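Below is one structure, written out as structure tokens, with a few remarks after it.
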Amino acid sequence: MKLREIAELLGSPGERFHRSDALSRCYSIDDLARRARRRLPAAAYDYLEGGGEDECTLRRNRSALEAIEVTPNVLRDVREVDLAITLFGARLPSPIILAPVGGPRLFHHDGELAVARAAATAGVPYVVSTLSSVSLEDIARAATSPLWFQLYVWGDRGISRNLIQRAQQAGYEALVVTVDCSVRSKREREMRAGVTLPTPRLTARSIVEGARHPAWAWHFLSGERLAFPNLDVGGDSRGSMQELGRLFDGSLTWDDLDWIRHSWRGPLVLKGLLSADDARRAVDLGVEAIVVSNHGGRQLDHVPAAIDALPAVVDAVGDRAEVLFDSGVRRGSDVLAAVSLGASAVLVGRAYLYGLAAAGDAGVERAIEILDEELRIAMALSGTTRLTRGSPVVGSRPSVASE
Ligand code: FNR
454 MKLREIAELL GSPGERFHRS DALSRCYSID DLARRARRRL PAAAYDYLEG GGEDECTLRR
514 NRSALEAIEV TPNVLRDVRE VDLAITLFGA RLPSPIILAP VGGPRLFHHD GELAVARAAA
574 TAGVPYVVST LSSVSLEDIA RAATSPLWFQ LYVWGDRGIS RNLIQRAQQA GYEALVVTVD
634 CSVRSKRERE MRAGVTLPTP RLTARSIVEG ARHPAWAWHF LSGERLAFPN LDVGGDSRGS
694 MQELGRLFDG SLTWDDLDWI RHSWRGPLVL KGLLSADDAR RAVDLGVEAI VVSNHGGRQL
754 DHVPAAIDAL PAVVDAVGDR AEVLFDSGVR RGSDVLAAVS LGASAVLVGR AYLYGLAAAG
814 DAGVERAIEI LDEELRIAMA LSGTTRLTRG SPVVGSRPSV ASE
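Below, the structure is given as structure tokens:
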């Protein structure tokens, strides 16, 4: 281990300097992931990184994005490349949105507040999870860029109605209902690592891991206890993730969209669809956007890579709703591929979590900066100056019509 890293781990006075120095030497999201891995105990890293069962879909998300070929259009004037898009009538500086994530204080003590600060600096929307580790109101007070609220609809619909009202009152602009979590999936990597949220279990292994990651352990033990403050469900909110899993009771159906639609004033987004039929049905029921997503490979294993499911959903929806995309994005060229295949914008999950774990808000900012810069380069080199849904570039797999 280098001296610089030891100083950082022990939180020396030079930590901030070394951290920003080290961050600027993170050239890719994978570089941030390596830093995150060094800073986090194994259980926290496995919770961040893992997927469902054999993680086939987790790997497939990456291999499908890597298999996309871009055929550039040459000899275009690409001096002015514009990443901006318009979504729900608002202009956004780039097509990147920060995806909802449960329990970010496990990755960095500032958790959602750090993410909200970084989102504000970059001007990108941040989708706050039902399972956030800071209350949705506290995040709203800290945020200055658009916030959306992600809803898990629990068996007890009263909890969900209450969350919708609170999000509306706190000024959240869009409601994102996640529909690929009818039950919690089997995440064996988490089971083996002994992940229990929000309260980590004290075992010989977790004590050793804490000792190996003193900066993380210090903040974790001296800070406010990790919890899911949005949930008013008594003891369950403090129980294990398995206990919490009981709240996903599998009873959510299309009929529920009706009361959700009527309870929410503003754009309604369904997250976690992969089939064209489901997308058509969602749009018929009046949703403004869908997120083609397999939850980053964390739910049902063996579902298609989300990028492979995107073109059929785009065809089915046409211009009746916005189609957003997530699962597997690690490069600006992945963002360009998704927009080329018809996505209006792209959510990123792990990409910014690596930054968060590596260095708090500065790390999240760095993750967004890396993706933006790579997107700008990919656009210029492919002869694209504007992100018009479905129109720019060009892939030979999956097939996309050339300009
Ligand atoms: C998630 N995701 C997620 N989605 C959601 O709707 N509510 C949630 O609370 C969470 N929690 C969560 C925790 C962690 C640690 C991860 C990595 C992901 C899924 C997330 O919103 C998004 O769909 C995926 O992260 C996208 O895939 P990538 O970008 O991580 O590959």
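For any residue, its number in the numbering used here is found by taking its place in the sequence shown, counting from 1, and adding 453. Note that CB positions come from ideal geometry on N, CA and C, so glycine has one too. Given the structure is predicted, the values throughout are model-derived calculations rather than measurements.
Original post:
Where do the N-terminal and C-terminal ends of the alpha helix (DSSP H) with Leu723 fall, by residue?
Top reply: First-last for Leu723: 721-726, but that is the beta strand (DSSP E), not the alpha helix (DSSP H).
Original post:
DSSP three-state call for Ala596: helix, strand or coil?
Top reply: coil
Original post:
Can you tell me the Cα-Cα spacing of Arg658 and Asp530, whole angstroms?
Top reply: 57 Å
Original post:
What are the boundary residues of the beta strand (DSSP E) that Phe778 is part of?
Top reply: Counting along the chain, the beta strand (DSSP E) containing Phe778 begins and ends at 775-778.
Original post:
Using DSSP with H/G/I as helix, E/B as strand and the rest coil, what is Glu641?
Top reply: helix
Original post:
In chain order, what residues of the same chain lie with their CB nearer than 6 Å to the CB of Ser638, ignoring the 5 residues before and after it?
Top reply: So the qualifying residues of the chain are Gly505, Gln752.
Original post:
Between Pro553 and the ligand FNR, is the CB less than 7 Å from at least one heavy atom?
Top reply: yes
**OP:** Report all residues from its chain with a CB closer than 7 Å to the CB of Ser582; omit the five preceding and five following residues, and keep chain order.
**Re:** Pro553, Val554, Gly555, Gln603
**OP:** Please go through the same chain and pick out, in chain order, the residues whose beta-carbon is closer than 6 Å to the beta-carbon of Lys724, but skip the five residues on each side of it.
**Re:** Val629, Thr631, Val744, Ser746
Original post:
Considering Ile549, what are the terminal residues of the beta strand (DSSP E) in which it resides?
Top reply: 549-551
Original post:
The beta strand (DSSP E) with Tyr579 in it runs from where to where?
Top reply: Its beta strand (DSSP E) spans residues 579-581.
Original post:
Below 8 Å between beta carbons: does that hold for Gly802 and Asp825?
Top reply: no
Original post:
What is the rounded straight-line gap between the Cα of Tyr480 and the Cα of Val776?
Top reply: Spanning the alpha carbons of Tyr480 and Val776 requires a straight line of approximately 30 Å.
**OP:** Please go through the same chain and pick out, in chain order, the residues whose beta-carbon is closer than 7 Å to the beta-carbon of Ala762, but skip the five residues on each side of it.
**Re:** The answer, listed in chain order, is Leu727, Val745.
Subject >> Where Phe673 sits in the DSSP three-state scheme >> reply: Per DSSP, reduced to three states, the secondary structure at Phe673 is helical.
Original post:
Could you give the distance in angstroms between the alpha-carbon of Leu679 and the alpha-carbon of Gly564?
Top reply: 10 Å
Original post:
Does the Cβ of Thr837 have 16 or more other Cβ atoms within 10 Å, making it buried, or fewer, making it exposed?
Top reply: buried
Original post:
Sorted by chain position, which residues of the same chain lie with C-beta nearer than 8 Å to Ser833's C-beta, five sequence neighbours on each side aside?
Top reply: According to the sequence as given, residue 833 is Ala; it is not Ser. Result list for Ala833: Val531, Val534, in chain order.
**OP:** Write down every uninterrupted run of the beta strand (DSSP E) in the stretch 505-582 whose length is 3 residues or greater and which is fully enclosed by it, in chain order.
**Re:** 538-540, 543-545, 549-551, 579-581
Subject >> Cα-Cα separation between Ala798 and Val788, rounded to whole angstroms >> reply: 8 Å
**OP:** For Phe430, write down the residues that DSSP places opposite it in a beta bridge.
**Re:** This structure cannot speak to residue 430, because the chain is shown only from 454 to 856.
Original post:
Can you tell me whether Glu502 is buried or exposed, with buried defined as 16 or more other CB within 10 angstroms of its CB?
Top reply: buried
Original post:
Between Thr539 and the ligand FNR, is the CB less than 7 Å from at least one heavy atom?
Top reply: no
Subject >> Residue environment, Ala810, which counts as buried when at least 16 other CB atoms sit within 10 Å >> reply: With 16 or more Cβ atoms within 10 Å of its Cβ, Ala810 is classed as buried.
Original post:
With distances taken from CA atoms, which of Val580, Val577, Ala765, Glu643 is nearest Arg733?
Top reply: Ala765
Original post:
Would the beta-carbon of Arg513 fall within 8 Å of that of Ala758?
Top reply: yes
Original post:
Where does Val770 sit, in a helix, a strand or coil, going by DSSP?
Top reply: helix
**OP:** Please classify Thr841: is it buried, with 16 or more other beta-carbons within 10 angstroms of its beta-carbon, or exposed?
**Re:** exposed
**OP:** Return yes when at least one heavy atom of the ligand FNR lies under 7 Å from the C-beta of Asp761, else no.
**Re:** no
**OP:** Compare the beta carbon distance of Ala595 and Ala569 with 8 Å and say whether it is the shorter of the two.
**Re:** yes
Original post:
In terms of residues, what are the limits of the beta strand (DSSP E) holding Leu800?
Top reply: 798-801
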